[in-house]
Every structure is written in C-alpha cells, then in structure tokens.
Amino acid sequence: MHTEEITIDSITKIEGSASLKVVLEDNQVKELEFIIQDYRRFYTEGVKGKPMVAVPSFLSRICGTCSVAHLFCALEAIEKSQGITLSDQTKLLRRLTYDGLMIRDHALHLYFFVLPDLLGIDSILEIPDDTTSPGGQALHDAFDIKRTGNNLSVAMAGAAIHAPLPTVGGFLKLPDPAGFPDLIRQLEDIRPKVIRGIRMFADWKETMIRNSDYLCLRNDRQYDFIEGEIINTNGKRVKEEEFHSFLKSVVIPYSQAEGYVFSDTHEDFLVGSLARINLNRDLLNSRTAADLVEILKMFPSNNVFHNNLAQAIEILQCVDDALDILRMIKINDEKPVHVPVKAGIGVGVIEAPRGILYHMAEVNGQGMISNYDVIVPTAQNQINIENDLKKYFNENLSKDRGEMRLEAEKIIRAYDPCMSCATNFLNIEWIER
Amino acid sequence: MADLPALPPVNTSGKKLAVGWFSFTCSEDSTILFTELLNDHLEEWKKFVDFKYLKALKMNNQIEGLDVAFVEGAISSEKQAAELKRIRENAKVLVAIGSCACTGQPSATRNNLFDNEINYKVYWYFSHFDYSHEVKKLEDLVKVDEKVMGCPMNADSFIGTLARSLKTFNII
Numbered sequence: 366m367h368t369e370e371i372t373i374d375s376i377t378k379i380e381g382s383a384s385l386k387v388v389l390e391d392n393q394v395k396e397l398e399f400i401i402q403d404y405r406r407f408y409t410e411g412v413k414g415k416p417m418v419a420v421p422s423f424l425s426r427i428c429g430t431c432s433v434a435h436l437f438c439a440l441e442a443i444e445k446s447q448g449i450t451l452s453d454q455t456k457l458l459r460r461l462t463y464d465g466l467m468i469r470d471h472a473l474h475l476y477f478f479v480l481p482d483l484l485g486i487d488s489i490l491e492i493p494d495d496t497t498s499p500g501g502q503a504l505h506d507a508f509d510i511k512r513t514g515n516n517l518s519v520a521m522a523g524a525a526i527h528a529p530l531p532t533v534g535g536f537l538k539l540p541d542p543a544g545f546p547d548l549i550r551q552l553e554d555i556r557p558k559v560i561r562g563i564r565m566f567a568d569w570k571e572t573m574i575r576n577s578d579y580l581c582l583r584n585d586r587q588y589d590f591i592e593g594e595i596i597n598t599n600g601k602r603v604k605e606e607e608f609h610s611f612l613k614s615v616v617i618p619y620s621q622a623e624g625y626v627f628s629d630t631h632e633d634f635l636v637g638s639l640a641r642i643n644l645n646r647d648l649l650n651s652r653t654a655a656d657l658v659e660i661l662k663m664f665p666s667n668n669v670f671h672n673n674l675a676q677a678i679e680i681l682q683c684v685d686d687a688l689d690i691l692r693m694i695k696i697n698d699e700k701p702v703h704v705p706v707k708a709g710i711g712v713g714v715i716e717a718p719r720g721i722l723y724h725m726a727e728v729n730g731q732g733m734i735s736n737y738d739v740i741v742p743t744a745q746n747q748i749n750i751e752n753d754l755k756k757y758f759n760e761n762l763s764k765d766r767g768e769m770r771l772e773a774e775k776i777i778r779a780y781d782p783c784m785s786c787a788t789n790f791l792n793i794e795w796i797e798r
Numbered sequence: 030m031a032d033l034p035a036l037p038p039v040n041t042s043g044k045k046l047a048v049g050w051f052s053f054t055c056s057e058d059s060t061i062l063f064t065e066l067l068n069d070h071l072e073e074w075k076k077f078v079d080f081k082y083l084k085a086l087k088m089n090n091q092i093e094g095l096d097v098a099f100v101e102g103a104i105s106s107e108k109q110a111a112e113l114k115r116i117r118e119n120a121k122v123l124v125a126i127g128s129c130a131c132t133g134q135p136s137a138t139r140n141n142l143f144d145n146e147i148n149y150k151v152y153w154y155f156s157h158f159d160y161s162h163e164v165k166k167l168e169d170l171v172k173v174d175e176k177v178m179g180c181p182m183n184a185d186s187f188i189g190t191l192a193r194s195l196k197t198f199n200i201i
C-alpha cells in the first residue's frame with residue numbers, strides 16, 4: 366500500500382487563514398481536509414445582554430471586507446424583531462451602499478487575488494507599472510473600479526469598512542445630493558473598464574466542473590441582494606424565516622467552522638455569485654444584460670471558475686443599478702423610524718458578496734439581545750469546496766505535485782472564501798460525520 | 030484618503046524597506062483598508078518598499094530579515110503567540126495595526142464570557158483546538174515599537190508610520 370500526503374500549510378490570496386491536507390492511498394484520495402484556521406471570537410455570544418441598537422455596528426466587525434453585509438443583515442434582523450417598516454428612501458440608500466460594497470469587494474477578489482492566477486504569476490506586485498503590459502491595464506482598471514466602489518459606499522454610509530451612518534430604522538445622516546453628479550461620472554468612467562474585465566474572465570479557460578445545487582436569494586421584481594426568498598436550482602422556495610431549518614450544520618472536527626448540507630437530502634450546495642447569476646440572470650439590469658448578451662449565454666454553468674466571471678458581471682450590474690438610482694433619487698429629510706421597544710424575534714437574510722448570509726436576533730422587552738445566530742456563506746460552501754477538491758485530485762493524480770497544489774489553491778480562490786466570517790458563531794445542533 | 034508625505038520620484042538609495050504584513054485574530058479590516066490604499070499608492074510604494082511577507086497578495090513569502098513588521102489582530106493561542114515571537118525576532122521594528130492588535134478588542138470579547146451555558150459551548154472549541162485561556166493584545170507578549178490605532182486602522186496614521194520608517198532606515 367502506497368501512502369502519500371500533500372499539504373498546503375497556508376493558502377494565500379484569500380481573506381483569513383486556511384490550509385489543505387490531502388492523503389492519497391493507492392492512487393486515490395483517502396482523506397481531504399480543507400481546514401479553516403481562524404480562531405473563533407464568539408461574537409454571537411458576546412452580544413447577549415447588549416442593547417439591540419449597538420449590535421449591528423459591533424457585528425460588522427465579524428468581517429472587514431464584507432462588513433456592510435453583516436451590518437445590513439443585523440439591521441434587518443433587529444428591524445423585523447421590532448416590526449419596523451423602512452421608507453423607500455432608506456431602501457434605495459441601502460441599495461446604493463450595497464452596490465458600492467459589491468463593486469469594491471468583487472474587484473478586490475478578482476483583480477488582486479485571482480488576476481495573478483490568470484496571468485500565471487505569483488502576485489500583482491510583479492505586474493509592471495506600464496499599462497500596456499500584460500496585466501498592467503487590468504491592474505489600473507482595478508484601482509479605478511475599487512476606488513469608485515469605495516467612494517459610493519463612503520458617500521452613502523460614511524465609510525466602506527464598518528460604516529457608521531446606517532442605523533436601526535434608517536440613516537443617522539443623509540448623503541449630500543451635490544455629490545451625486547460626480548459619483549455618476551465616476552461610475553460611467555469605470556463602466557468600459559468593468560466590461561473589459563468581464564471579457565478577460567470570460568476568455569479564461571480554467572475549468573472545474575462538478576454538479577452542485579445552487580442556492581440564492583431571489584426577488585422576482587429585480588436583481589436584488591437584500592430582499593427576496595431563497596431558491597435552489599429546482600425552483601424550490603424557502604422563506605427567510607425558514608432558512609435555518611432548511612440547512613443542517615455539520616461539525617468538521619479539523620476546521621474552526623461548521624459546514625452545511627441540506628437538512629432533507631444531506632447534499633452539498635454552492636452559494637455566491639455563480640448561484641446568483643445561474644438563477645437570477647433574467648433579472649439583471651437591462652443595460653447590463655444588453656451589453657453582455659453573448660457572455661450571459663455561458664450560464665447556467667457548473668464550472669466553479671465561472672464564479673469569477675459571475676462576480677465580474679455583478680460589478681457591472683451594481684454600476685448600472687447605482688447609476689439608475691442616483692439619476693432618479695430625491696433626498697428627503699427623513700429621520701430613522703422609531704417604534705416602542707418590544708420583545709420579538711427577527712430574521713435577516715441577504716446576499717453577501719460570497720453568498721447567503723443569515724442573522725437571527727431575539728430581543729427581550731427591554732430591547733436587549735437574548736439570543737443571536739449567524740450563518741455565513743463560506744461555512745455553507747465548505748463541504749462543496751472539499752468535494753470539488755476531491756474530484757480534482759482524483760482526476761489529476763498523475764500531475765506534478767507542485768502543479769496540483771497551485772490548481773487546488775485556484776479552485777479554493779474561485780470561491781472567494783472568507784475565513785474571518787466563517788468562525789464567528791456557535792451552533793450546538795451538530796451531527797458528526 | 031490622505032496623501033503620503035511627498036516621496037522622491039526616484040529611489041536613489043539603492044535599497045528598499047523590507048516589510049512584512051501579518052494578520053492574527055480579527056476581521057482583517059486593516060488588511061482590506063491597506064489593499065484600498067494600494068489603489069493610490071502601490072506604484073509609489075513599490076519603488077521604496079519590498080513587501081517580503083504579504084500573504085493577502087502573494088504565495089511566496091519570507092519572514093527573515095524584515096525592517097518593519099506590521100501586525101494586525103489579537104493573539105488567541107500559544108501557536109499564534111509563537112508565530113508573533115518569531116516575527117518579533119525577525120523584524121527590527123514591530124508596529125501593531127488596528128484595535129485588536131493594540132488593545133485586544135473586540136476580538137477579546139470572549140475573555141468576558143461568564144455564563145455557564147456559554148462556557149459549556151465555548152469549552153467544546155477550547156477542548157478541540159489550541160485556544161489560549163485569554164485573548165491578548167500584542168504588547169502582552171512582545172515589545173511593540175509603534176501603534177496604529179483604529180478599527181480599521183487610521184489610514185493617515187499608517188501612511189505617516191510608513192513614511193517615518195522610510196526615513197529611519199535611510200531609504201529616503
């Protein structure tokens with residue numbers, strides 16, 4: 366019996382720390398462990414007994430890159446627990462903030478983490494300053510795209526990371542409409558650069574195909590990251606409040622984060638941009654869809670590397686969505702909605718950049734948090750990632766080990782996993798596997 | 030975002046500042062902010078800075094021979110503490126980056142959990158992984174030469190620290 370071990374001690378160009386261990390026995394994968402290494406901070410325990418109004422800002426600290434996603438999901442959960450109905454203006458301003466998040470976050474992943482894979486180099490630090498060099502133009506496009514996403518979030522929410530202005534019921538301070546024309550100019554300026562990036566990722570031939578189920582939020586009225594019901598590939602619909610029982614958490618003894626499977630079939634699934642474009646591409650902004658007719662024919666796709674392409678498409682979606690809103694919105698002097706404090710339970714489900722994010726807030730009659738739960742996208746994708754990697758290794762065992770390590774990292778990076786997010790909640794309904 | 034104090038257009042020193050960027054328990058918000066600063070400063074900094082260790086952006090990383098180590102996050106385990114000490118041994122200057130590195134908070138939230146039920150649940154993780162009893166800030170374990178406060182780090186303060194380091198090590 367021949368046994369061999371392949372390890373990657375530290376997977377790079379991702380958010381947080383993770384490693385990979387593969388044990389081969391007689392030319393088959395015997396064990397494969399995708400190990401999330403970030404230590405838990407137990408924030409969902411830490412918020413118990415805290416005033417509900419303080420919790421969204423605290424929980425935005427779960428993650429640096431998608432802090433706005435945690436902020437908005439916590440706000441939704443608490444607002445629902447209190448029966449707060451948001452104004453149309455607040456919804457639009459949150460949508461604009463979120464467009465900024467998606468533009469910046471996706472661009473960071475695509476151009477800073479994945480672009481070197483596409484160019485066959487180690488790092489963006491190796492790309493020459495010359496904008497005519499391979500990668501040089503893409504990197505300069507990335508600077509402009511990320512900066513514009515940042516500026517949009519800052520204008521609406523006060524900051525792109527741990528935004529201070531969104532609060533329970535609305536915004537503490539409203540944006541100055543005098544800045545909107547410049548934001549429109551910036552968004553129009555990056556638009557052709559975004560399309561250039563989409564074509565670049567569409568032309569990338571990297572392939573890893575495995576049949577997965579896909580799960581995302583769908584609002585039948587528009588391409589939406591904040592409102593809707595959860596749907597899967599077969600069109601099954603689940604209300605936000607039922608999402609937790611739709612999934613079964615799985616203890617992965619070597620990883621700091623639980624994994625998830627469907628509670629009925631115990632099968633794995635994928636969340637994120639690929640799921641959203643696979644299931645919601647009919648809802649894309651009309652300008653986005655018109656410019657991407659041929660590329661959108663590549664979907665639905667079971668190629669996990671198309672998660673990169675799907676993210677690039679979502680950047681354009683968010684640019685066009687923000688342009689539409691900025692051109693029509695009139696800012697009224699509104700204060701955050703206040704209602705008398707009551708005991709209640711609220712569930713927020715939104716699409717974070719990496720997929721479905723769930724927050725559940727239980728509030729007591731004094732407005733204090735009595736229970737809190739979070740399910741993050743990277744934890745949901747964890748088992749899917751392992752199963753993709755098992756397939757890859759089993760089918761490529763004759764390859765050079767160095768090449769296999771690199772390819773494995775590329776597959777993991779395609780998911781855009783975030784370990785900071787994945788290790789922040791406690792769930793005690795476990796099954797051992 | 031603030032502008033870096035004017036750097037010369039050309040590096041005439043013949044050397045670069047050897048920099049490492051490390052992250053422990055935190056949200057990595059300062060790492061994200063750092064990547065945003067690169068939108069405006071990458072080309073300029075590349076002339077003067079050799080990013081020898083920067084896992085967020087490169088696969089091939091080297092810890093040996095650092096002039097400055099920027100360290101984000103709090104310390105949650107003995108393994109992390111050993112890594113931090115190794116960074117300290119390899120860096121002439123160590124800068125704590127962001128609130129978790131400088132104060133321990135908010136990553137040290139678990140230090141204040143007392144409830145029996147919570148302790149039971151937390152215990153499961155403590156018994157399966159190598160958590161230390163308490164989450165610590167960096168200067169509880171090693172000498173910290175400078176701090177960049179904020180959650181995420183204050184961008185102006187970081188840029189100022191980098192510029193001072195370039196002068197200290199005679200790069201500019």
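Sequence lines, in order, name chains A and B. The opening residue of the first sequence carries number 366 in the numbering used here; numbering runs sequentially from there. The opening residue of the second sequence carries number 30 in the numbering used here; numbering runs sequentially from there. All residues carry an ideal CB built from backbone N, CA and C; glycine is no exception.
(request) For Tyr82(B), name the three-state secondary structure that DSSP assigns. (result) strand
(message) Please identify the residue among Leu436(A), Asn392(A), Arg770(A) and Glu716(A) whose C-alpha is closest to the C-alpha of Leu580(A).
(response) Per the Cα distances, Glu716(A).
(message) Check whether chain A comes within 8 Å of Tyr154(B), counting only Cβ atoms and requiring the distance to be less than that.
(response) yes
(request) Compare the C-beta of His157(B) against all C-beta atoms of chain A and say whether one is closer than 8 Å. (result) It does; some Cβ of chain A falls within 8 Å.
(message) Could you tell me which whole alpha helix (DSSP H) segments of length 4 or greater appear in the segment 568-614 of chain A?
(response) 608-611
(request) Taking only runs that begin and end inside the segment 740-779 of chain A, name each unbroken beta strand (DSSP E) of 3 or more residues, in chain order. (result) Taking only runs of at least 3 residues, no beta strand (DSSP E) segment lies wholly in the segment 740-779 of chain A.
(request) Inspect the CB distances between the segment 686-698 of chain A and the segment 411-421 of chain A and report whether three or more fall short of 8 Å. (result) no
(request) Can you check the segment 74-139 of chain B for any alpha helix (DSSP H) of at least 4 residues that lies completely inside it and give the ranges in chain order? (result) 107-119 and 127-132
(message) According to DSSP, is Gly189(B) part of a helix, a strand, or is it coil?
(response) helix
(message) Given this structure, state the Cα-to-Cα distance separating Ser763(A) from Glu398(A), to the nearest angstrom.
(response) Ser763(A) and Glu398(A) have their alpha carbons spaced roughly 20 Å apart.
(message) Determine, for Lys114(B), whether the minimum Cβ-Cβ distance to residues of chain A falls below 8 Å.
(response) no
(message) Is there a Cβ of chain B sitting closer than 8 Å to that of Glu768(A), yes or no?
(response) no
(message) Comparing C-alpha positions only, which one of Gly102(B), Asp169(B) and Leu86(B) sits nearest to Ser136(B)?
(response) Ranking Gly102(B), Asp169(B) and Leu86(B) by Cα distance to Ser136(B) puts Gly102(B) first.
(message) Please state the DSSP three-state secondary structure of Ala507(A).
(response) helix
(message) Give me the residue from Tyr408(A), Asn515(A), Phe478(A) and Ile443(A) with the minimum Cα distance to Tyr780(A).
(response) When each option's Cα is compared against that of Tyr780(A), the closest is Phe478(A).
(request) With a threshold of 16 other CB atoms inside 10 Å of the CB of Val704(A), please say whether the residue is buried or exposed. (result) exposed
(message) Taking 8 Å as the threshold (C-beta atoms), are Glu774(A) and Tyr757(A) in contact?
(response) no
(request) Taking 8 Å as the cut-off, decide whether the C-beta atoms of Ala472(A) and Ile563(A) are in contact. (result) No. Outside cutoff.
(request) Assign Ala622(A) to one of three DSSP states: helix, strand, or coil. (result) coil
(message) My output table needs one value for Val171(B): the three-state DSSP class, helix, strand or coil.
(response) coil
(request) With DSSP as the reference, label Gln393(A) as helix, strand or coil. (result) strand
(request) Going by CA-CA distance only, name the one from Asp633(A), Arg652(A), Leu661(A) and Gly637(A) that's closest to Arg646(A). (result) When each option's Cα is compared against that of Arg646(A), the closest is Leu661(A).
(message) Rounding to the nearest angstrom, what Cα-Cα distance links Asp753(A) and Lys386(A) in this structure?
(response) Going from the Cα of Asp753(A) to the Cα of Lys386(A) covers about 14 Å.
(request) Alpha carbon to alpha carbon, how far is Ala687(A) from Ser735(A)? Give it in angstroms, no decimals. (result) 37 Å
(request) Please classify Cys55(B): does DSSP put it in a helix, a strand, or coil? (result) coil
(message) If I follow the unbroken beta strand (DSSP E) through Glu727(A), where does it start and stop?
(response) Gly720 to Val728
(request) Using a cut-off of 7 Å between C-beta atoms, extract the partners of Ile61(B) located in chain A. (result) Gly429, Thr430 and Ile526
(request) Return the CA-CA distance between Thr455(A) and Gly534(A), expressed in angstroms with no decimal places. (result) 8 Å
(message) For Lys45(B) and Lys196(B), what's the separation of their Cα atoms in angstroms?
(response) 11 Å
(message) Using only the alpha-carbon positions, how far apart do Gly500(A) and Ala520(A) sit?
(response) Approximately 30 Å, taken between the alpha carbons.
(message) Going by DSSP in three states, Asn668(A) sits in which element: helix, strand or coil?
(response) strand
(message) Considering only DSSP beta bridges, list what Thr384(A) is partnered with.
(response) Here the sequence assigns Ser to residue 384(A), which means Thr is not the residue at that position. Ile400(A), per the DSSP bridge assignment.
(message) So for His367(A), helix, strand or coil by DSSP?
(response) coil
(message) Quick check on DSSP: helix, strand or coil for Met467(A)?
(response) Of the three classes helix, strand and coil, the one that applies to Met467(A) here is helix, per DSSP.
(message) Determine, for Arg139(B), whether the minimum Cβ-Cβ distance to residues of chain A falls below 8 Å.
(response) yes
(request) Can you tell me which of Ile104(B), Phe155(B) and His157(B) puts its alpha carbon nearest to the alpha carbon of Cys131(B)? (result) Ile104(B)
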